[in-house]
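What follows is a set of notes on a single structure, which appears directly below.
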Amino acid sequence: MDTAVAHASPAAAEGSKHKLSAGKLGIWLFLGTEIMFFMGLVAVYINERFGAEAWPSNYIQGFDPQEDPYVLNNKHFGAANTFVLILSSVLVVLAHNAVLRGELKRMRVLLVLVLLLGCVFMGIKGVEYEHKIHFGIYPGGEGAERMGAIVAEEKGLDPAKVNDGNMFASTYFLVTGCHALHVIGGIIWLLAIVLLSFRSSFGKQSHYMVEYFGLYWHFVDVVWIFLFPLIYIMQAV
Amino acid sequence: MNATAHNPGDHGHHHEPGLIRKYIFSTDHKMIGIQFMLTTLTFFAVGGLLALGVRWQLAWPWQEMPVIGKMLFSETGNVISPEFYTMLFTMHASVMIFFVIIPMLIGAFANFCVPLMIGARDMAFPTLNMLSYWFFWPAFLIMGYSFFVEGGAAAAGWTAYPPLSTIPSAAPASGGGQTFWLVALIFVGISSMMGSVNYITTIIKMRAPGMTMFRMPMTVWSIFITAILQAFALPVLTAALVMQLLDRTLMTGFFNPSDLVVNNVTVATGGGQPILWQHLFWFYSHPAVYIMILPAMGIVSDVLSTFARKPLFGYRPMVYSISGIAGLGFIVWGHHMFQSGMNPMLGATFMVSTMMIALPSAIKTFNWLGTLWRGELHFTTPMLFAVGFVSVFAIGGLSGIFMAATPVDIFIHDTYFIVAHIHYVLMGGSAFGIFAGIYYWFPKMFGRTMSDGWGKVHFFGTFVAMNCTFFPMHVLGAAGMPRRLADPYHYATYEHLLWLNQFITVSALVLGGFQVIFALNFLFSLFGGEKASQNPWRSNTLEWAAPSPPPHGNFEAIPTVYRGPYEYASPEVEEDYLPQHVPTPASTPGATI
Amino acid sequence: MRKLWSLLFLLVPVGAVYLFWIAPDYQWSLPTNKSSFGEGIDKLYNLILWITGVTFVLVNAFLVYFMFRYSAKRENKAAAHVHGNHALEVIWTIVPSLILIFIAFVQMKEWQEVKFQSKFPDALQEKAETEAGEKPSLVQAMARVTARQFEWRITYPGPDGQYDTVDDIQTVNELHMPGYKGDEGQEPIPFLIDLESADVLHSFFVPQFRIKQDAVPGMTIKVWFDAKLDGGPEDDLEFERLPKNQYDLVCAELCGWGHYKMKGRVYVHTPEEYQAWLESQGPE
Ligand code: HEA
Ligand code: HEA
Ligand code: CUA
Ligand SMILES: [Cu+2]
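Protein chains in written order, with our numbering: chain A, 754 to 990; chain B, 215 to 807; chain C, 163 to 446.
This is the structure we're talking about:
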């Protein structure tokens, strides 16, 4: 990348010893737009969550926690996923170091590990989704409505008028769903890098590929670190 | 993003690419700019014709349109039905805003001008640039297709307020149309996001030697700030569009309250808040109105200075003003929601911030006047449009003050006063800036000049007809006539406004007629216009240092910049202009102006 | 010839001022105001009209003059080599900002009066009564207005002062309210409505009362206004279109294909007539 733009931009060339490259600036800006996108989603979540009168909380009468412990957002799952993502973020950094030193094999192993961790994350997410859907907790689902109705009645509200169960399911799937799509996008991107790394032209100088991916992956991680307390921990209050 | 970033292939060697690569899947910023321009001009005709449909109904409600009526509306007895009317103004605004003004300013002009004006060979990410154009096409196609789906195209206003937009039973006319509308706008959003990332990077990284930030022409500055606005405001709209799409398709209820019965159909899900959409929408769409005016302001500044043969008055205050507009632009969105049921206390704070945002525009207006003062004005067509911009933008801006005043807005909100404001700033402001830019850069784009005589006819007609069309709308608004009404005369209060509306419609037809002159001038000049020299306007900025039209790679050698862009009438030289790249004995590379 | 362009630009301010000047003769301006707070709104409107009008004329005067005075004769490098002027910059930053701040702050009182619930007549009255140690009295004139596609449903609480009881009075598209004789110095009689929507957004708009408020499903929004009874001949022009003491209730927010026909009618009665009307509607 550096070489690609440098000859066309003497201004950049002048000061590019320490400044960031065009590609990296582009990635940062792209992540800036992504942050605003998630801000929009989280703003809606916070608004609905804290404006709600009968948000389903940890324990709901009528839903047997013994029988269906995954109905609500299970914080053990959330915590596990947090751990998975943080670990994978660390591995990306190591992979970048490896490619900088020209240790392509090592880099490849680390990247495949990251890829697997991404899949583990999606796996856990999948289990969560599966349970929710099984109990009808999805937008427009019967379970979501029932759950909301139970809480509403407990608080002496008219269940027809407050529909926070549905809102609970909607925001949950919206926010985690958009995040999961970003994880999937990352996995595909990563796969492409791993495949490209088998080409003979791939070498030290290609480190920026891992670097850019790493920035993106950290971003996906950071978003999750915000979502985890918002969705898994605060719902208990 | 990544895939395009490391594509050194077409960069280094400036060989001429093949035909398809040159004209269709081009990565050359100039060709992409021209593609954007031709596409948006076509859509300008579409949007304008939709507006004429609106105007027909308002002047001769429920009457058969000559000739076209039979072709289009045979099902409804040859007249525009109320459903169709709502669709007309919704699509008129959507097309004009998302397919004309925005892509014209930051697709066509930004692409064509930015690399040339900063002395670069191309954009930072040429492939991404091409993608950003081609991501527009799904939007065009989907939006176009939506006219033919069951129930017709979107009809909930360009603001798409829920629950009208989220609940299909609320508006029979927008069965699938609204969904298509949402998907199309998501594509526009992705495209614009790619564009803005590209512009910001290009402007930061690719400036020619000596081109410091404060030597950039106003056009580049305004596009830089606009791109930042766009990059950080647009994703919020995209998020909101996704949510509305889910509301319509997957039974979420972000914007639907509980317990709704619409048109005798019980809405199954809800729990959300309609006003939330308005917040998200205006969080983007208010900055969007500045996205639509700032580049036009930049163009006007450059054109005014060039044809006044005089340095731009107050260059730095101008730069600070656009930055101020952009910054404040993020905290005034609530002025669209004064009567929406939002907490009136919030309304009061939004009023204060809105008033303050008029200040940078005031500074700009005065600086434009300052530029004319003691100049040597050459009234070429681009200059006329630029001066025209100052004249009509002031009207549009000043009417904004009425609406920013919350108590006055109680009365004029959702009346034609707003419609007058919209069109003074958008048709009078943005579109005049666009016309100025087209006449100004046409020689650079195509190597030929547009006819100045016909250009003046176009300006004269547009200026007169546009004022006759839109100024009386203030009066309609003051009389309380609401917007988006298929038949205002249904109310006794507005019966007497009929003939004023007829006058407006006739003016609008004339206005359209003069745009045909423009279209013809454009087409004839494209193939038969007078050949243009490299620097026909004797202008200072770098694009005029490249041949007309510039070849692939733009410059033979990257120019070095010695001074700011507005050194007209400089005592240093004999000529009355002093281009940025021409060294004089007095100028050393490091000196600032 | 080159000077003629400035004349074209001169037409804009001249035409604009002329149109606003003659507009009242054709009733192309604010409809006759009928509410107590409407006067304030009209005053603010006129204030802004004057400020922006003068600014507008000044800006155009300079523009036209410069266009006339400095149009180029031939290319003779006549322009001044000036990059700006610090003092001017400061002046035209400070003066408009003072004007704008002034405009913003003169709005506050009126805005509070019309839209802040804490400043509503009933709230003020209640406050005054509790301070005076009296038992708060009920506000007499009130109704619930429910907007739906494409009509206005109006509910009066009936003698018991409670909604959703048997003695409620229901009307469709007809809003009856008491008015006061402003000319004879009578006190305004505030009318309070609870604005709701059953389906999509609508907006409650009575041009002559200068009141507008969106109706939002899921929310109950309190709105108040009052109405002067028609008096002298200055009202006559509008009577040609509207019967005396009757006004259009307009829906001002797009609510679907029938938005244009969502028309109601406001009937303003003397307090006695209003009582009589209420009684005539009540259950036997
Ligand atoms: C290019 C687009 C553009 C621009 C630049 C603006 C500029 C401004 N707009 Fe506008 N606006 C729109 C496009 C735009 N607007 C659109 C499309 C809508 C309607 C959306 C819809 O509902 O469909 C809208 C609606 C809208 C509303 C909502 C009204 C309502 O629905 O009730 C308000 C309210 O405050 C407002 C205010 C302003 C203000 C204060 C400015 C200011 O930035 C203007 C500043 C400029 C000047 C003031 C003029 C120059 C200055 C001087 C000559 C100096 C001296 C002046 C003084 C001392 C007063 N606009
Ligand atoms: C970019 C913005 C833009 C532009 C340029 C225009 C341009 C015009 N607009 Fe638009 N308008 C809006 C943005 C714009 N509008 C918005 C945002 C709304 C609010 C919508 C809503 O409420 O949701 C609106 C609403 C709106 C209304 C109110 C509808 C209502 O509320 O009921 C009206 C009514 O008169 C109107 C009229 C016009 C007219 C007559 C033009 C004229 O200037 C158009 C002139 C142009 C032409 C007539 C085209 C000429 C071209 C040809 C004739 C073809 C040439 C041939 C070839 C090229 C082959 N517009
Ligand atoms: Cu109800 Cu418009
Ligand atoms: Cu705005």
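Don't be surprised by glycine CBs; every beta carbon is placed ideally from N, CA and C.
With a threshold of 6 Å, establish whether the CB of B:HIS637 neighbours any heavy atom of ligand 4. For the purposes of this step, residue 637 of chain B is identified with residue 423 of the second sequence, where counting begins at 1. Relative to the non-hydrogen atoms of ligand 4, the Cβ of B:HIS637 never comes closer than 6 Å to any of them.
Quick one: does B:ILE615 have its CB under 7 Å from some CB of chain C? Along the second sequence, one-based indexing puts residue 615 of chain B at 401. It does: the Cβ of B:ILE615 has a partner Cβ on chain C nearer than 7 Å.
Could you compute how far the alpha carbon of C:SER280 sits from the alpha carbon of A:ILE799? On the third sequence, position 118 is the one that residue 280 of chain C refers to. On the first sequence, position 46 is the one that residue 799 of chain A refers to. Roughly 28 Å between the two C-alpha positions.
Contacting positions in the region 882 to 909 of chain A - beta carbon closer than 7 Å to chain B: Within the region 882 to 909 of chain A, PRO892, GLY893 place their CB atoms closer than 7 Å to a CB of chain B, listed in sequence order.
Supposed contact pair B:PHE250 and B:MET318 - C-beta distance, whole angstroms, cut 8 Å: By one-based count along the second sequence, residue 318 of chain B stands at place 104. By one-based count along the second sequence, residue 250 of chain B stands at place 36. At roughly 7 Å, the Cβ-Cβ gap stays under 8 Å, so B:MET318 and B:PHE250 are in contact.
Expressed to the nearest angstrom, what Euclidean distance is found between the alpha-carbon atoms of B:ASP666 and B:SER436? The sequence position of residue 666 of chain B within the second sequence is 452, counting from 1. The sequence position of residue 436 of chain B within the second sequence is 222, counting from 1. Between the alpha carbons of B:ASP666 and B:SER436 lies a gap of roughly 27 Å.
State yes or no: is the C-beta of B:LEU573 within less than 7 Å of the C-beta of B:PHE673? Translated into the one-based positions of the second sequence, residue 573 of chain B becomes position 359. Translated into the one-based positions of the second sequence, residue 673 of chain B becomes position 459. Contact: no.
Which bits of chain B does A:SER923 rub up against, with CB to CB less than 7 Å? In the first sequence, counting from the first residue as 1, residue 923 of chain A sits at position 170. Within chain B, THR466, GLY467, PHE468 have C-beta atoms less than 7 Å from the C-beta of A:SER923, given in sequence order.
Quick one: what's got a C-beta closer than 6 Å to B:ALA334's C-beta in the same chain, skipping five residues either side? If you number the second sequence from 1, residue 334 of chain B lands on position 120. Sequence-distant partners of B:ALA334 (beyond 5 residues in either direction) whose C-beta falls short of 6 Å from its own C-beta, in its chain, are MET420.
Using a Cβ cut-off of 8 Å, pull out every chain B residue sitting near A:LYS914, in sequence order please. Numbered from 1 along the first sequence, position 161 holds the residue referred to as residue 914 of chain A. The contact set of A:LYS914 on chain B, defined by CB atoms closer than 8 Å, consists of SER472, ASP473 in chain order.
Proximity winner among B:ASN470, B:LEU690, B:VAL775, B:LEU740, relative to C:GLN189 (alpha-carbon distances): In the third sequence, the residue the question calls residue 189 of chain C occupies position 27. Comparing Cα positions, the closest option is B:LEU690.
For B:HIS220, which of helix, strand or coil comes out of DSSP? Sequence index remark: in the second sequence, residue 220 of chain B carries index 6 (1-based). Per-residue confidence for B:HIS220 stands at a pLDDT of 38, beneath the threshold of 50, marking its modelled position as unreliable; no derived number is given.
Is the beta carbon of C:GLN370 closer than 7 Å to that of C:PRO193? Position 31 of the third sequence, counted from the start, is the residue given in the question as residue 193 of chain C. Position 208 of the third sequence, counted from the start, is the residue given in the question as residue 370 of chain C. At the C-beta level, C:PRO193 and C:GLN370 come within 7 Å of one another.
Any C-beta of chain C under 7 Å from that of B:PHE593: Here residue 593 of chain B is taken as the residue at index 379 of the second sequence, counted from 1. For B:PHE593, the answer is yes, since a Cβ of chain C falls inside 7 Å of its Cβ.
Return the CA-CA distance between A:GLN814 and A:LYS878, expressed in angstroms with no decimal places. Counted from its first residue, the first sequence places residue 814 of chain A at position 61. Counted from its first residue, the first sequence places residue 878 of chain A at position 125. At A:GLN814 the pLDDT is 49, less than 50, meaning the model places this residue with poor confidence; the figure from the coordinates comes in the next sentence. So the two alpha carbons sit approximately 25 Å from each other.
Starting from C:TRP314, follow the beta strand (DSSP E) in both directions and report where the run begins and ends. Indexing the third sequence from 1 puts residue 314 of chain C at position 152. That run of the beta strand (DSSP E) goes 313 to 318.
Using a C-beta cutoff of 7 Å, does A:GLY779 count as contacting chain B? Along the first sequence, read from residue 1 onward, the residue named residue 779 of chain A stands at position 26. Yes, because at least one Cβ of chain B sits closer than 7 Å to the Cβ of A:GLY779.
Find out if the Cβ-Cβ distance for the pair B:ILE505, B:SER535 is shorter than 7 Å. As a first step, residue 505 of chain B must be located in the second sequence, where it is residue number 291. As a first step, residue 535 of chain B must be located in the second sequence, where it is residue number 321. For B:ILE505 and B:SER535, no; Cβs fall outside 7 Å.
Fully enclosed by the region 460 to 505 of chain B, which alpha helix (DSSP H) runs are 4 residues long or longer? Runs of the alpha helix (DSSP H) spanning 4 or more residues and lying entirely within the region 460 to 505 of chain B occur at 488 to 505, in chain order.
Is it right to say A:ASN919 is buried, meaning 16 or more other beta carbons lie within 10 angstroms of its own, or is it exposed? Stepping through the first sequence from its first residue, residue 919 of chain A is reached at position 166. Buried is the call here.
Is any non-hydrogen atom of ligand 3 found closer than 6 Å to the C-beta of C:MET381, if you look at the structure I gave you? Locating residue 381 of chain C in the third sequence gives position 219, counting from the first residue. No, ligand 3 has no heavy atom inside 6 Å of this Cβ.
CA nearest to the CA of B:PRO329, picked from B:VAL363, B:GLY778, B:LEU792, B:PRO773: Looking up residue 329 of chain B in the second sequence gives position 115. Closest option to B:PRO329, Cα to Cα, is B:PRO773.
Using the Cβ count rule (16 or more neighbours within 10 Å means buried), how would you classify A:PRO818? Here the question's residue 818 of chain A lines up with position 65 in the first sequence. Any reading at A:PRO818 must be qualified, since the residue scores a pLDDT of 49, below 50, and its modelled position is unreliable; no value is offered.
Quick check on the burial criterion: 16 or more other C-beta atoms within 10 angstroms. Buried or exposed for C:GLN324? In the third sequence, the residue the question calls residue 324 of chain C occupies position 162. Under this definition C:GLN324 is an exposed residue.
Which listed residue (B:GLY528, B:ILE539, B:MET551) has its alpha carbon closest to that of B:PHE495: As a working note, residue 495 of chain B is residue 281 in the second sequence. The alpha carbon of B:PHE495 has as its nearest neighbour, out of B:GLY528, B:ILE539, B:MET551, the alpha carbon of B:MET551.
Which listed residue (A:VAL846, A:LEU968, A:TYR925, A:VAL928) has its alpha carbon closest to that of A:LEU866: In the first sequence, the residue the question calls residue 866 of chain A occupies position 113. For the residues A:VAL846, A:LEU968, A:TYR925, A:VAL928, the minimum Cα distance to A:LEU866 belongs to A:VAL846.
Between which two residues does the alpha helix (DSSP H) carrying A:CYS931 extend? Position 178 of the first sequence, counting from 1, holds the residue named residue 931 of chain A. A:CYS931 -> alpha helix (DSSP H) spans 917 to 949.
Given 6 Å as the limit, tell me if B:HIS500 has its C-beta closer than that to any heavy atom belonging to ligand 4. Walking along the second sequence from the start, residue 500 of chain B turns up at place 286. Within the cutoff, so yes.
Hey, would you say the C-beta of B:VAL633 is under 6 Å away from at least one heavy atom of ligand 2? The sequence position of residue 633 of chain B within the second sequence is 419, counting from 1. In this structure, ligand 2 has a non-hydrogen atom nearer than 6 Å to the beta-carbon of B:VAL633.
Chain-ordered neighbours of B:ARG269 on chain C, where CB pairs are closer than 8 Å: In the second sequence, residue 269 of chain B corresponds to position 55, counting from 1. In chain order: nothing, as chain C lies at least about 16 Å away.
Contacts around B:TRP751, its chain only, beta-carbon distance under 6 Å, and the 5 residues preceding and following it disregarded: Residue mapping note: residue 751 of chain B aligns to position 537 of the second sequence, counting from 1. Excluding residues up to 5 positions away in sequence, THR520 lie with their Cβ nearer than 6 Å to the Cβ of B:TRP751 in the same chain.
Rounded straight-line distance, which links the Cα of B:PHE349 to that of B:GLY321: What you label residue 321 of chain B is simply residue 107 of the second sequence in a count that begins at 1. What you label residue 349 of chain B is simply residue 135 of the second sequence in a count that begins at 1. Between the C-alpha atoms of B:GLY321 and B:PHE349 there is a straight-line separation of about 12 Å.
Is there at least one Cβ from chain B nearer than 7 Å to C:VAL412's Cβ? Here residue 412 of chain C refers to the residue found at position 250 when the third sequence is read from its first residue. The beta carbon of C:VAL412 sits closer than 7 Å to some beta carbon of chain B.
By Cβ distance below 7 Å, which residues in the same chain neighbour A:LEU863 in space, the five residues on each side in sequence not counted? As a first step, residue 863 of chain A is located in the first sequence; it is residue number 110 there, counting from the start. Excluding residues within five positions, the ones whose Cβ falls inside 7 Å are LEU844, LEU847, ALA848, ALA851.
Does the Cβ-Cβ distance between B:LEU542 and B:TYR498 come in under 7 Å? On the second sequence, position 328 is the one that residue 542 of chain B refers to. On the second sequence, position 284 is the one that residue 498 of chain B refers to. Annotated as distal: B:LEU542 and B:TYR498, with beta-carbon spacing of 7 Å or more.
Indicate, with yes or no, if ligand 3 has a heavy atom lying under 6 Å from the CB of B:GLU278. Stepping through the second sequence from its first residue, residue 278 of chain B is reached at position 64. Checking the 6 Å criterion, the Cβ of B:GLU278 is out of range of every heavy atom belonging to ligand 3.
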